[in-house]
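Novice:
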Amino acid sequence: MQLLTQRAKPVDRRPMNWIEKIYLWNIFKGMLITLKHFFKKKVTIKYPEVKRPFSPVFRGLQVLNRDEEGRERCTACGLCAVACPAEAITMEAAERLPGEEHLYREEKYAAKYEINMLRCIFCGLCEEACPKDAVYLSETFAPANYSRKNFIYGKHDMLIPDPVTHPEEYAVARGLREQTTKSQS
Amino acid sequence: MTVLALDWSFAIEKLVLIAIVITVSLVVAMYATYAERKVAGFMQDRLGPNRAGPFGLLQPLADGLKLFFKEEVIPTNSSRFLFILGPCLAMLTAMMTSAVIPWGGKVELGGRIVDLQIADINIGILYVFGVVSLGVYGIMIGGWASNNKFSLMAALRGASQAISYELAMGLALIALLMLTGSLSLRTITEQQIQGNWWNIVYQPLGFLLFFICSLAECNRAPFDLPEAESELNMGYHQEYSSMKLGFFLFSEYINMFISCTIIATLFFGGYDMPFVDEANLSGISALIVGLVALFGKTFILIFIFMWIRWTLPRFRYDQLMNLGWKGLIPLALINMVITGAIVLYTMKAH
Numbered sequence: 416m417q418l419l420t421q422r423a424k425p426v427d428r429r430p431m432n433w434i435e436k437i438y439l440w441n442i443f444k445g446m447l448i449t450l451k452h453f454f455k456k457k458v459t460i461k462y463p464e465v466k467r468p469f470s471p472v473f474r475g476l477q478v479l480n481r482d483e484e485g486r487e488r489c490t491a492c493g494l495c496a497v498a499c500p501a502e503a504i505t506m507e508a509a510e511r512l513p514g515e516e517h518l519y520r521e522e523k524y525a526a527k528y529e530i531n532m533l534r535c536i537f538c539g540l541c542e543e544a545c546p547k548d549a550v551y552l553s554e555t556f557a558p559a560n561y562s563r564k565n566f567i568y569g570k571h572d573m574l575i576p577d578p579v580t581h582p583e584e585y586a587v588a589r590g591l592r593e594q595t596t597k598s599q600s
Numbered sequence: 055m056t057v058l059a060l061d062w063s064f065a066i067e068k069l070v071l072i073a074i075v076i077t078v079s080l081v082v083a084m085y086a087t088y089a090e091r092k093v094a095g096f097m098q099d100r101l102g103p104n105r106a107g108p109f110g111l112l113q114p115l116a117d118g119l120k121l122f123f124k125e126e127v128i129p130t131n132s133s134r135f136l137f138i139l140g141p142c143l144a145m146l147t148a149m150m151t152s153a154v155i156p157w158g159g160k161v162e163l164g165g166r167i168v169d170l171q172i173a174d175i176n177i178g179i180l181y182v183f184g185v186v187s188l189g190v191y192g193i194m195i196g197g198w199a200s201n202n203k204f205s206l207m208a209a210l211r212g213a214s215q216a217i218s219y220e221l222a223m224g225l226a227l228i229a230l231l232m233l234t235g236s237l238s239l240r241t242i243t244e245q246q247i248q249g250n251w252w253n254i255v256y257q258p259l260g261f262l263l264f265f266i267c268s269l270a271e272c273n274r275a276p277f278d279l280p281e282a283e284s285e286l287n288m289g290y291h292q293e294y295s296s297m298k299l300g301f302f303l304f305s306e307y308i309n310m311f312i313s314c315t316i317i318a319t320l321f322f323g324g325y326d327m328p329f330v331d332e333a334n335l336s337g338i339s340a341l342i343v344g345l346v347a348l349f350g351k352t353f354i355l356i357f358i359f360m361w362i363r364w365t366l367p368r369f370r371y372d373q374l375m376n377l378g379w380k381g382l383i384p385l386a387l388i389n390m391v392i393t394g395a396i397v398l399y400t401m402k403a404h
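From first to last, the protein sequence lines stand for chains B and R.
So for the first sequence, my numbering puts the first residue at 416; every next one is plus one.
So for the second sequence, my numbering puts the first residue at 55; every next one is plus one.
1) Go to Q245 of chain R, then tell me how far its alpha helix (DSSP H) extends in each direction, as first and last residue.
2) Report the residue ranges of all alpha helix (DSSP H) runs contained in full by the segment 166 to 245 of chain R; include only those spanning at least 4 residues, in chain order.
3) Report the three-state DSSP secondary structure of L479 of chain B (helix, strand or coil).
4) Note down, in chain order, each residue of its chain lying with its Cβ closer than 6 Å to the Cβ of G485 of chain B, except the 5 sequence neighbours on either side.
5) Which residue comes first and which comes last in the beta strand (DSSP E) that contains V550 of chain B?
6) Have a look at E521 of chain B and V550 of chain B and give me their C-alpha separation to the nearest angstrom.
7) Looking at A94 of chain R and W364 of chain R, is the spacing between their C-beta atoms short of 8 Å?
8) Please list, in chain order, all residues of the same chain as T393 of chain R whose beta carbon is under 6 Å from its beta carbon, the five residues on each side excluded.
9) Is the beta carbon of F369 of chain R closer than 8 Å to that of L382 of chain R?
10) Rounded to whole angstroms, what's the CA-CA distance from Q292 of chain R to L279 of chain R? Just pull it up for me.
11) Along chain B, which residues have their Cβ under 9 Å away from the Cβ of R274 of chain R?
12) Is DSSP giving Q599 of chain B helix, strand or coil here?
13) Which residue from R:L237, R:F353, R:I66 and R:R105 puts its Cα closest to that of R166 of chain R?
14) Exposed or buried, which one is E583 of chain B when buried takes at least 16 other CB atoms within 10 Å?
15) What is the rounded straight-line gap between the Cα of F473 of chain B and the Cα of L450 of chain B?
16) Taking one C-beta from the segment 458 to 467 of chain B and one from the segment 489 to 503 of chain B each time, how about it: are there three or more such pairs within less than 8 Å?
17) Who are the Cβ neighbours of F261 of chain R in its own chain at under 7 Å, not counting the five residues just before and after it?
18) Run through the DSSP bridge pairs and tell me what V161 of chain R is partnered with.
19) For T505 of chain B, which residues does DSSP report across the bridge?
20) Suppose the cutoff is 6 Å on Cβ atoms and the five residues either side in sequence are ignored; what does the same chain contact list for A148 of chain R look like?
21) Hey, out of B:L533, B:A423 and B:D427, whose CA is closest to E502 of chain B's CA?
22) Indicate the three-state DSSP secondary structure (helix, strand or coil) for A588 of chain B in the structure shown.
23) Check the C-beta distance from G197 of chain R over to F302 of chain R and give it rounded, since I have them as a contact under 8 Å.
24) List the residues of chain B that M97 of chain R touches, going by C-beta distances under 7 Å, in chain order.
25) Between B:E507, B:L476 and B:P500, which lies nearest to T555 of chain B when the distance is taken from Cα to Cα?
26) Considering F443 of chain B, what are the terminal residues of the alpha helix (DSSP H) in which it resides?
27) Could you give the DSSP three-state label for L112 of chain R: helix, strand or coil?
28) For D372 of chain R, which three-state DSSP category applies?
29) The alpha helix (DSSP H) with C541 of chain B in it runs from where to where?
30) Compute the Euclidean distance between the alpha carbons of R488 of chain B and D482 of chain B, then round it to the nearest angstrom.
31) What does R100 of chain R touch in chain B if you count any residue whose Cβ is under 9 Å from its own?
32) From this set, R:G300, R:E285, R:P328 and R:S336, which residue's C-alpha is nearest V346 of chain R's C-alpha?
33) Is it a yes or a no for the segment 84 to 91 of chain R touching the segment 102 to 121 of chain R, going by three-plus beta-carbon pairs under 8 Å?
34) Could you spell out the range, first to last residue, of the alpha helix (DSSP H) harbouring S79 of chain R?
35) If we cut at 8 Å on Cβ distances, does I392 of chain R have a partner in chain B?
36) Should M431 of chain B be labelled buried (16 or more other beta-carbon atoms within 10 Å of its own) or exposed?
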């Protein structure tokens, strides 16, 4: 038979000799192995204090982006909803009224933008589909919740903080992503 | 102070000693559960409990509290009296063994000579054997009263295991007793302090047999058949909940502590600190050195118990019986005969 790997070892079927029969020596060898593990470095990550770093390409919760003046980028074109294989995104468009130019970048905006995080498979196709760079996937995941209803994230949950009025929060929300993209380029 | 022809200060001294010994064995058992989980974790490359308090040190308290707050379930078809008696008996027999262990030498405290041993009876080790064989009643009654076939099966296994291994244990001990010529644990310890060597040097095979048998007597892995989770759900305490379950689990750890102390006393010189001459030390410092020595030896032995548990898988039932009857008992007999011959030849009997 052709072996797939070089690791296969034939089973030793010789009758046990005297040392093996009384087992004590083998038990001692086994105990040395467990003792070796006793002093090994532990693999546990102490979760709330230490968090495991995500990979730079990690696809987590969606974030709705704003431009430099703090206006929402989304124009409710619906391309993300079309691209979404899990049909997790729903949105309702509305027309920008005079006087709302500081809120929305384009003449049309998303009045309602919802992603069902229980349906979402975090594939990132919405991010790829978006022509306005309005939605991207961040490096966190949806926290646990008690009811299904709360897993439907609205604009309020996903919109990035305003860079003009809340620069610190914006920097925090933005920071990690910029760092990783910079180091990649 | 002699009222009713009783030395009352003696009675008070003994009561205080009993209280201290019981408290200490409870605390040690409590932290043995913590240590067990830590050792298990470390041997499996994990950290073990580390959430409650610094390094998880409050974990046993949290566990105890949890057990107290659990619902107490007594199955309808069980015998109520026996169901409650089971864990009580298990706990009682676990505690009673500690009465004959010499925890340290005699010390002078406030003009009185205080003996750090609850009862220095001349049949000390026989008393231990008697109480240990009573210990199986806790398991038997618990398993029987549960009115559940798995529990009953586990109790039967526990009883047959205990009886088979007690035989080998007793035979292994007879060889040692031939050398010491005394059944009193105090005398055995003092002989080891005065002599050059600990008893393990004279009785290595006897120690090995005794150690294996005490693993079996404590229902510790690889002999934990009475509570084989994978075969008997949980074993004899399956129907138990709340602190009654806690008593069963706890008595196992007390048993482990006490049997480690007895092994330390019989084979490792008890409260004898190696390379230190106790005769040169004054009362209190000798006491402290003795306690440190005894507890150090006991804790090392407890660690070895845990080390074995997290290394070896459980025996099959027929393997257990084969080892006990065809392995240990003949070996113990041979050991006994050889020791007897040597004692007769050299007249080393004390």
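Idealized CB from N, CA, C, for every residue including glycine.
Please read these numbers as outputs of a predicted model, since none were measured by experiment.
Specialist: The short version:
1) L239 to Q248
2) 178 to 199 and 203 to 234
3) strand
4) D577, P578 and V579
5) For V550 of chain B, the enclosing beta strand (DSSP E) has its first and last residue at V550 to L552.
6) 15 Å
7) yes
8) Annotation for T393 of chain R: A229 and M232 place their beta carbon closer than 6 Å to its own, counting only its chain and skipping 5 residues before and after.
9) no
10) 14 Å
11) Going along chain B, no residue has its Cβ under 9 Å from R274 of chain R, so there is no contact; the nearest lies around 14 Å.
12) Residue confidence for Q599 of chain B is low, a pLDDT of 45 falling below 50, so the modelled location carries little weight and cannot support an answer.
13) R:I66
14) exposed
15) 37 Å
16) no
17) I254 and F321
18) R:V168
19) B:E529
20) S305, I308 and N309
21) B:L533
22) DSSP places A588 of chain B in helix when its eight states are reduced to three.
23) That belief does not hold up - the Cβ atoms of G197 of chain R and F302 of chain R are roughly 10 Å apart, past 8 Å.
24) T449, H452 and F453
25) Among B:E507, B:L476 and B:P500, the Cα nearest to that of T555 of chain B is on B:L476.
26) L439 to F453
27) coil
28) Here D372 of chain R sits in helix by DSSP.
29) L540 to A544
30) 6 Å
31) Those within 9 Å of R100 of chain R in chain B are K457, V458 and T459.
32) R:P328
33) yes
34) W62 to M97
35) Chain B contact via Cβ: absent.
36) exposed
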